[in-house]
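Trainee: Please find one structure pasted underneath; my questions will follow.
Number of protein chains: 2
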Amino acid sequence: MRLLVEMETKSDVGFTPRMKPKKPKNTRTPKRKPGPSDKEAQIVQRLLKCGQFLQRETNTVCRQFGLKQQQFSVLNEIVWQGPISQKALCERLLFEKSNLSKIVKILLEKKLIRVAVAPGDRRMTLLSETPKGVALWEDCLQAFNQVSNRLMSLLADDEVAGVTRLLKKLEKAFKSQGR
Amino acid sequence: MRLLVEMETKSDVGFTPRMKPKKPKNTRTPKRKPGPSDKEAQIVQRLLKCGQFLQRETNTVCRQFGLKQQQFSVLNEIVWQGPISQKALCERLLFEKSNLSKIVKILLEKKLIRVAVAPGDRRMTLLSETPKGVALWEDCLQAFNQVSNRLMSLLADDEVAGVTRLLKKLEKAFKSQGR
DNA sequence: CGCAAATAGTTTCCGTGTCAACTATAATAT
DNA sequence: ATATTATAGTTGACACGGAAACTATTTGCG
């Protein structure tokens with residue numbers, strides 16, 4: 143049992159790299175050819191990598207204000223999107239509903255948001271920010287923006303626009319396909 | 143205490159949206175102007191969103207094979223990058239070393255990888271895949287590729303190339319700036 | 001040499017993300 | 001009206017991720 147390898151020039155990390163440093167000889171039947179450079183899987187892999195890294199990085203930023211990144215995202219969305227239900231938040235932020243429920247609980251305990259029963263449908267709750275929530279949000283947002291600028295400093299202006307457009311497209315795809 | 147709001151047309155989610163549905167009147171002093179459309183923070187936010195979504199999605203894929211997405215990523219990297227140390231894996235995958243240590247332990251328990259003390263430096267361990275590991279990796283990779291294709295189906299070919307290039311650039315930035 | 005600092009990896013503790021099962025309300029069917 | 005199904009949100013169990021503290025080597029330096 144050895145690996146199928148196609149020797150080429152130095153490549154980068156990814157799902158279907160073109161070079162495997164060791165084991166130059168193929169002594170193994172190619173049951174599954176190593177996906178002819180599966181670009182899509184590479185993107186997913188890279189997005190995961192960047193996402194996880196950014197999550198750690200932004201968590202340390204938000205922690206200064208006693209929040210986690212997800213909690214801040216929810217607070218941010220509530221501030222901007224006015225009274226909004228958990229359902230709507232889930233859809234906008236691509237969150238898991240049980241997770242969101244717990245985040246909401248924490249934000250409530252911290253008195254950063256307020257909750258009201260939706261008129262006309264008592265299942266639904268409408269969330270809105272408190273003055274205290276807005277104050278914390280402002281401070282945290284400033285720090286968040288600062289770190290974001292540092293992290294994205296390598297991107298040129300047109301690249302920034304391009305990334306934004308593409309991520310928006312992906313989000314849309316996820317929203318429609320998501321479970 | 144009310145929000146500073148600039149009314150405009152319907153906008154999308156993000157850090158500096160141009161419309162706030164409710165509260166059309168600004169009755170609050172703009173202590174901090176709402177970052178003149180902080181594009182960078184928006185990108186970070188979107189990357190986080192997509193990353194978290196993809197993590198859930200790929201986790202369910204990997205779970206069919208008894209793995210989590212991160213475990214699969216590590217296995218994948220070990221398969222492609224031959225005998226490799228935890229340190230190197232951390233750098234390539236942008237992982238936390240304590241987390242990686244635990245993942246390695248799990249993969250060892252499942253007998254998917256093998257460990258050897260590095261010659262010349264007994265602190266370091268060199269990880270390589272076992273036949274069993276390769277077999278599982280193949281199956282999991284196939285499923286992973288399939289899901290990736292589905293998730294990325296909205297992207298055109300040139301967009302795929304563009305995203306790849308930009309993510310590569312971001313990774314590089316993260317690697318240099320990371321802590 | 002011998003001791004301090006750096007490096008690779010591990011462990012501990014805690015918070016939290018996820019799935020599945022559950023409650024409560026609303027919509028739909030009979 | 002009543003029963004069934006769907007929807008919004010909650011809870012509990014459990015495993016995992018992350019920061020910090022820790023161990024064990026190696027390197028650097030006086």
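Chains as they are written, first to last, in the working numbering: chain C, 143 to 321; chain G, 143 to 321.
A virtual CB, placed ideally from N, CA and C, is assigned to each residue, including glycine.
Please read these numbers as outputs of a predicted model, since none were measured by experiment.
#1: Does the beta carbon of G:I255 sit closer than 8 Å to a beta carbon anywhere in chain C?
#2: Establish whether the CB of G:L231 and some CB of chain C are separated by less than 8 Å.
#3: State the DSSP-derived secondary structure class of C:L254, mapped to helix, strand or coil.
#4: Which residues of chain C have a Cβ atom closer than 7 Å to the Cβ of G:N201, listed in chain order?
#5: Would you mind telling me which residues of chain G sit closer than 9 Å to C:M294, beta carbon to beta carbon, in chain order?
#6: For G:L268, list the residues DSSP reports as bridge partners.
#7: Do you know offhand how far G:K317's Cα is from G:V246's?
#8: Tell me whether C:T202 is buried or exposed, calling it buried when 16 or more other Cβ atoms sit within 10 Å of its Cβ.
#9: Comparing alpha-carbon positions, which option in G:L254, G:Q194, G:Q228 and G:G193 lies nearest G:F207?
#10: Cα separation between G:L189 and C:L189?
#11: Measure the C-alpha to C-alpha separation of G:E148 and G:L297 and round it to an integer number of angstroms.
#12: Hey, would you say C:Q223 sits closer than 8 Å to C:I248, going by beta carbons?
#13: Comparing the C-beta of G:C204 with each C-beta of chain C, is any distance below 8 Å?
#14: Grab me the residues of G:L236's own chain with a C-beta within less than 8 Å of its C-beta, minus the 5 sequence neighbours each way, in chain order.
#15: Quick check on the burial criterion: 16 or more other C-beta atoms within 10 angstroms. Buried or exposed for G:E219?
#16: Examine chain G for any beta-carbon lying closer than 8 Å to the beta-carbon of C:S322, and answer yes or no.
#17: Whole angstroms are fine: how far does the CA of C:Q187 sit from the CA of C:S270?
#18: In or out: C:E199 buried (at least 16 other Cβ within 10 Å) or exposed?
#19: Whole angstroms are fine: how far does the CA of G:V221 sit from the CA of G:S240?
#20: Taking any Cβ of chain C, which residues in the segment 207-221 of chain G have a Cβ under 9 Å from it, in chain order?
#21: Report the neighbours of C:K191 on chain G: residues whose CB is nearer than 7 Å to its CB, in chain order.
#22: Short of 7 Å in beta carbon distance, which residues of its chain neighbour C:C282, apart from the five on each side in sequence? Order them along the chain.
#23: Suppose only complete runs of 4+ residues qualify. What are the alpha helix (DSSP H) ranges in the segment 208-236 of chain G, listed by chain order?
#24: Strictly under 8 Å for the Cβ-Cβ distance: is G:G304 near chain C by that measure?
#25: Are G:I185 and C:L309 closer than 8 Å when you measure CB to CB?
#26: What do you reckon, is the C-beta of G:Q319 under 7 Å from a heavy atom of the ligand SAH?
#27: Where do the N-terminal and C-terminal ends of the alpha helix (DSSP H) with C:Q206 fall, by residue?
#28: Please classify C:E182 as buried or exposed, where buried requires at least 16 other C-beta atoms within 10 Å of its C-beta.
#29: Below 8 Å on C-beta distance, what does C:L269 contact in chain G?
#30: Please name the residue, chosen from C:T306, C:S290 and C:A303, that lies closest to C:F195 on a Cα-to-Cα basis.
#31: Quick check on G:D299: does DSSP put it in helix, strand or coil?
#32: Should G:K274 go down as buried or exposed, given a rule of 16 or more other Cβ atoms within 10 Å for buried?
#33: Check whether chain G comes within 8 Å of C:Q197, counting only Cβ atoms and requiring the distance to be less than that.
#34: Counting only beta-carbon separations shorter than 8 Å, does G:E251 have a partner in chain C?
Mentor: Looking at the atomic coordinates:
#1: no
#2: no
#3: coil
#4: Neighbours of G:N201 on chain C: none; closest Cβ ~10 Å, over 7 Å.
#5: K181, E182, A183, I185, V186, L312 and A315
#6: G:A258
#7: 21 Å
#8: exposed
#9: G:L254
#10: 7 Å
#11: The pLDDT assigned to G:E148 is 34, lower than 50, so where the model puts this residue is not dependable; a value taken from the coordinates is nonetheless given after this. Whole-angstrom Cα-Cα distance: 33 Å.
#12: no
#13: no
#14: E313, F316, K317 and G320
#15: buried
#16: Since the first residue shown for chain C is 143 and the last is 321, residue 322 of chain C is missing from the structure and cannot be characterised.
#17: 36 Å
#18: buried
#19: 21 Å
#20: Q211, Q212, S215, N218, E219 and V221
#21: L235, L236 and E313
#22: C204, F207, L209 and F214
#23: 211-222 and 228-235
#24: yes
#25: yes
#26: For the ligand SAH, the structure offers nothing, since it holds no ligand at all.
#27: Careful: C:Q206 lies outside any alpha helix (DSSP H) and carries neither H nor E.
#28: buried
#29: None at all; the shortest Cβ gap to chain G is about 12 Å.
#30: C:S290
#31: helix
#32: exposed
#33: yes
#34: no
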